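The structure under discussion appears below in the form of structure tokens.
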Amino acid sequence: MNEQTTYTPNIDLNTASAKRYRRLRHFKDIFAKWGVAIGGIGVIVAILLIFLYLMYEVMPLFKSASIEKISQYSVPVVEVENGAEEQAKTLYLSMEEQAEIGLRVDSAGNAIFFRTHSGEILKKHAVPIPANNTITAIAEAGPGTDELALGFSNGETLVFKHEYTVSYGEDNQRLIEPSIQYPYGKEPVVLSKNGDAITHIAIRDTEESLAIAGATDSKLLLNILNKEEDFLTEEITFEEEHLELPKITGDIKGLLIDPEQRWLYVLIDQAQLAILNIADRNTPKINSVLDVTSGEYQLSQAKLLLGGVSLLLGDSGGNISQWFLVRDKDSEWRLERIRDFKLANNNITSIAPEHRRKGFLVADDQGQIGIYNTTARRTLINEQISEKPIAWLAVSPRGKAFLAEDQNGQVSFWSVDNEHPEVSWSVLWDEVWYEDYDKPDYIWQSSASTNDFEPKMSLMPLAFGTLKAAFYAMLLATPLAICGAIYTAYFMAPAMRRKVKPVIELMEALPTVILGFLAGLWLAPFVEDHLTGIFALLIVVPIGFLLVSFGWHQLPDNIRHRVPDGWQPLLLIPIVIILSWLAISMSATMEGLFFGGDMRSWLGEQGISFDQRNALVVGLAMGFAVIPTIFSITEDAIFSVPKHLSYGSLALGATPWQTLTRVVLLTASPGIFSAVMIGMGRAVGETMIVLMATGNTPIMDVNIFEGMRTLAANIAVEMPESEVGSSHYRVLFLAALVLFLFTFVVNTMAEMIRHRLRKRYSSL
214 MNEQTTYTPN IDLNTASAKR YRRLRHFKDI FAKWGVAIGG IGVIVAILLI
264 FLYLMYEVMP LFKSASIEKI SQYSVPVVEV ENGAEEQAKT LYLSMEEQAE
314 IGLRVDSAGN AIFFRTHSGE ILKKHAVPIP ANNTITAIAE AGPGTDELAL
364 GFSNGETLVF KHEYTVSYGE DNQRLIEPSI QYPYGKEPVV LSKNGDAITH
414 IAIRDTEESL AIAGATDSKL LLNILNKEED FLTEEITFEE EHLELPKITG
464 DIKGLLIDPE QRWLYVLIDQ AQLAILNIAD RNTPKINSVL DVTSGEYQLS
514 QAKLLLGGVS LLLGDSGGNI SQWFLVRDKD SEWRLERIRD FKLANNNITS
564 IAPEHRRKGF LVADDQGQIG IYNTTARRTL INEQISEKPI AWLAVSPRGK
614 AFLAEDQNGQ VSFWSVDNEH PEVSWSVLWD EVWYEDYDKP DYIWQSSAST
664 NDFEPKMSLM PLAFGTLKAA FYAMLLATPL AICGAIYTAY FMAPAMRRKV
714 KPVIELMEAL PTVILGFLAG LWLAPFVEDH LTGIFALLIV VPIGFLLVSF
764 GWHQLPDNIR HRVPDGWQPL LLIPIVIILS WLAISMSATM EGLFFGGDMR
814 SWLGEQGISF DQRNALVVGL AMGFAVIPTI FSITEDAIFS VPKHLSYGSL
864 ALGATPWQTL TRVVLLTASP GIFSAVMIGM GRAVGETMIV LMATGNTPIM
914 DVNIFEGMRT LAANIAVEMP ESEVGSSHYR VLFLAALVLF LFTFVVNTMA
964 EMIRHRLRKR YSSL
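Counting from 214, one number per residue, gives the positions in the sequence shown under my numbering.
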């Protein structure tokens, strides 16, 4: 009987070296454990800090506006020699840039500069009034301008402007010196040759001419002062031109001229508005006359918004409406009611447009005030500030303060906290009807060359462009990368796999700026010149593959078996090159046969626009950049499937293809899904390729031949030029937050789906 013996090595585990080894290993285990934990927590904290910082920059966009009363005092008046005060009513009220000095023009022709905080009079100026005449009308050239026009009882007008010179004293204290200037001289300009009193007046000044419109009891008048500059002396002379305007039926209540001196708006009676086209100086004509109030309400106030495109109308029911001219289907201009605002149910007594934004202030006869923004369609403030009716409002050029004068001659000075009124949910995500557009639309245009520009900050075109670029990139990259990974991991010879996989993964190291550079300067013109050939590739290469594969399998076995299993892809390399060359070389021939020799012109005839840098170019370039990411993760997932699963399937009689589709791919599906999601995240966040390879135009068009602008590219382009703390600056951070949240949500959903797939197929 054989006895089994076991050999136990004589190892002493209590030696000093063994104890040191155990202590070192224990230390390494603890270090690795806490290192991984701290690293993971650090990543989470970093992501959380990024999120919090983005929120910190974005939250001020949605902060509510507020106002605060600073002071109240009696209206500044001029004292006469005997100590009495002139009982002259206010005709005009305004403030300078810093909201430190105000200007009040009264009916006696006094221009009084005063401190807005206290009402202290700083300077007085008497505007020259023709002898034995009075001021019968006054008008401002428009929001943000300092020019005024006075109409007199003898039919004459006088133009003057208020200016402010800023200097700094020895103690670096700011000094503001106000003054009155007469750009067209102190001599009045005759508007009514009959000497009739000017009841209403409007003025608009440009580099070419000065337009003054006036109304008397019986006529509507327009005087144009054309400016001519001497070539040698640079002296400016004026050529006066009196225009005969069509007769208006009804009592004229107000006049307004647009900045281009093309349209004259005439308020008639209590509810009508006449629009006169004065662009043709020879034949001015009435464009239309329409009712602008509803029900029993009467028109009480009318002002042009900043830029002079929009007309603000207030009525006796507390309604304020925005109107501007749009073209109809017959290219005729019509006045369209765009938006409505509501203060209360009281008569509107004053409208004060802001000087640098598309906002305005409104007051009524019950002492209530409202602050609004037209683009965002926001009611920012609606508060009661006085027990008496508000007669006059004046807003500072920066929109940070306003003056309110009530009917009892009390002036109150208010500070305003209203940093980002032009941003709202509707502006960011809904269609908005912008000035000079025929209909509401999604528009991104954050800047322009003029100060009266209306910001257009819709994120919809950018989000659409981001998804469009990612879609076409994934459309190219996903099937190629996954199919390539399947063949490499499952069918390819191991020796060849060890060469192919590193080469494809090395593609990921290529800087995207290089890909964008090549795509913009080489690929885009190449695609344009060989557009037919590019699409022929989609037909020629697959069909060629099928024919070559069919022919290969018809060869005798002794020939086919000379190529070891898994090395057949080498034979396809020359086939791909030959088929690609064939498709590209046939481009001109096919273009002549099917598209009349010019595919671009043919597309235009079909109503399909073509831009050289388009989504097709982006799909090719960005797809090339995304392929390595998807390929590498997918290949690892498939190659990691336990071999006993595939061997068992083959042993049970399944074909290699059945084993692949019913065992391997199902087991590897969590990894494949993760690869696709990570590739999509890469495509969504890509910046340089879409920045350099697209037209970078923020349009919403699914057309593959049109460009786009993505969120990431927009941030890269505009962030360096944006003013820190401005609405534009914070909206760019909001775009970054949207991109961040989109990536976070997609990755979270991908992880959840991956976990479910792993749980479902873990039993295979």
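Note that beta-carbon positions come from the ideal geometry of N, C-alpha and C, so glycine has one too. Every value quoted in this text rests on a predicted model; they were computed, and no experiment measured them.
Measure the CB-CB distance between G365 and P396 and report whether it falls below 9 Å. Residue identity check: residue 365 is Phe in the sequence provided, not Gly. The answer is no: Cβ separation not under 9 Å.
Under 8 Å by Cβ, that's how I've got Q825 and P769 pegged, so tell me the actual separation to the nearest angstrom. Rounded, the Cβ-Cβ distance is 50 Å, inconsistent with contact.
In this structure, does DSSP put A231 in helix, strand or coil? helix
Within a Cβ cutoff of 8 Å, which residues of the same chain sit near L335, ignoring the five residues on either side of it in sequence? I314, F326, F327, R328, P391
If we ignore side chains and look at the alpha-carbon of each, how far apart do G757 and I791 end up? Approximately 10 Å between the Cα atoms of the pair.
Compare the beta carbon distance of I280 and E596 with 9 Å and say whether it is the shorter of the two. yes
DSSP has E457 in a bridge; who is on the other side? L434.
List in chain order: all unbroken beta strand (DSSP E) runs of 3+ residues lying wholly within the segment 537-609. 546-555, 561-566, 572-577, 581-586, 591-597, 603-608
Give the single residue among S544, K282, E936, G580 whose Cα lies nearest to the Cα of A557. G580
Own chain residues within Cβ distance below 8 Å of W642, not counting five before or after: S671, L672, M673
Distance check for R494 and Y305, CA to CA, integer angstroms please. 31 Å
Between the Cα of A614 and those of L261, T956, M308, Y266, spot the shortest distance and give me the residue it belongs to. It is M308 whose Cα lies nearest to the Cα of A614.
Evaluate the contact criterion for the segment 800-810 versus the segment 739-758: three or more CB pairs, one atom per stretch, below 8 Å. yes
Taking the C-alpha atoms as reference points, what is the distance between Y377 and T303? 21 Å
Excluding sequence positions up to five away, which residues of its chain have a Cβ less than 7 Å from the Cβ of G408? N367, G368
Does the structure place the segment 772-786 close enough to the segment 697-717 that three or more beta carbon pairs sit under 8 Å? yes
Please list the segments of the alpha helix (DSSP H) lying wholly inside the segment 847-874, counting only runs of 4 or more residues, in order along the chain. 856-864, 869-872
Of the choices D578, Y585, S563, whose alpha-carbon is the least far from that of R570? Y585
Closest by CA to G884, which one among V291, G809, I786, R967? R967
Bridge-paired residues (DSSP) for Q394: K374
Could you tell me whether any Cβ in chain D is nearer than 9 Å to the Cβ of W780? No chain D appears in this structure, which consists of one protein chain only.
Which residues in the same chain have their Cβ closer than 8 Å to the Cβ of L518, if we skip the five residues on either side of it in sequence? In the same chain as L518, and ignoring 5 residues on each side of it, the C-beta atoms closer than 8 Å to its own belong to P356, L524, L525, Q535, P566, K571, F573, T587, in chain order.
Whole runs of the alpha helix (DSSP H) within the segment 229-311, excluding any shorter than 4 residues: 229-271
Fully enclosed by the segment 874-928, which alpha helix (DSSP H) runs are 4 residues long or longer? 878-898, 901-906
Any contact between the segment 942-956 and the segment 905-922? By contact I mean 3 or more CB pairs, one from each, below 8 Å. no
Counted within 10 angstroms of its Cβ, other Cβ atoms place A245 as buried (16 or more) or exposed: exposed
Locate the beta strand (DSSP E) running through S814, then write down its first and last residues. For S814, there is no enclosing beta strand (DSSP E); the residue is found in the alpha helix (DSSP H) stretching over 812-818.
Quick check: the segment 843-863 against the segment 922-936, are there 3 or more CB pairs under 8 Å? Contact fails between the segment 843-863 and the segment 922-936, because fewer than three Cβ pairs, one in each stretch, are under 8 Å apart.
Considering only the alpha carbon of each residue, which of D578, L468, I533 lies closest to N559? With respect to the C-alpha of N559, the residue from D578, L468, I533 having the closest C-alpha is D578.
First and last residue of the alpha helix (DSSP H) that includes L719? 707-720
Other residues of its chain near G817: CB distance less than 8 Å, five sequence neighbours each side excluded: F823
What did DSSP end up calling W780 once you bin it into helix, strand or coil? coil
Buried or exposed: G520, going by 16 or more other Cβ atoms within 10 Å of its Cβ? Answer is buried; the Cβ neighbour count reaches 16.
Counted within 10 angstroms of its Cβ, other Cβ atoms place G322 as buried (16 or more) or exposed: A residue is called buried when at least 16 other Cβ atoms come within 10 angstroms of its Cβ; G322 meets this threshold and is buried.
Take the Cβ of T842 as the centre, count every other Cβ of all protein chains shown within 10 Å, and call the residue buried at 16 or more, exposed below. buried
Verify whether the separation of the beta carbon atoms of A906 and G733 is less than 9 Å. yes
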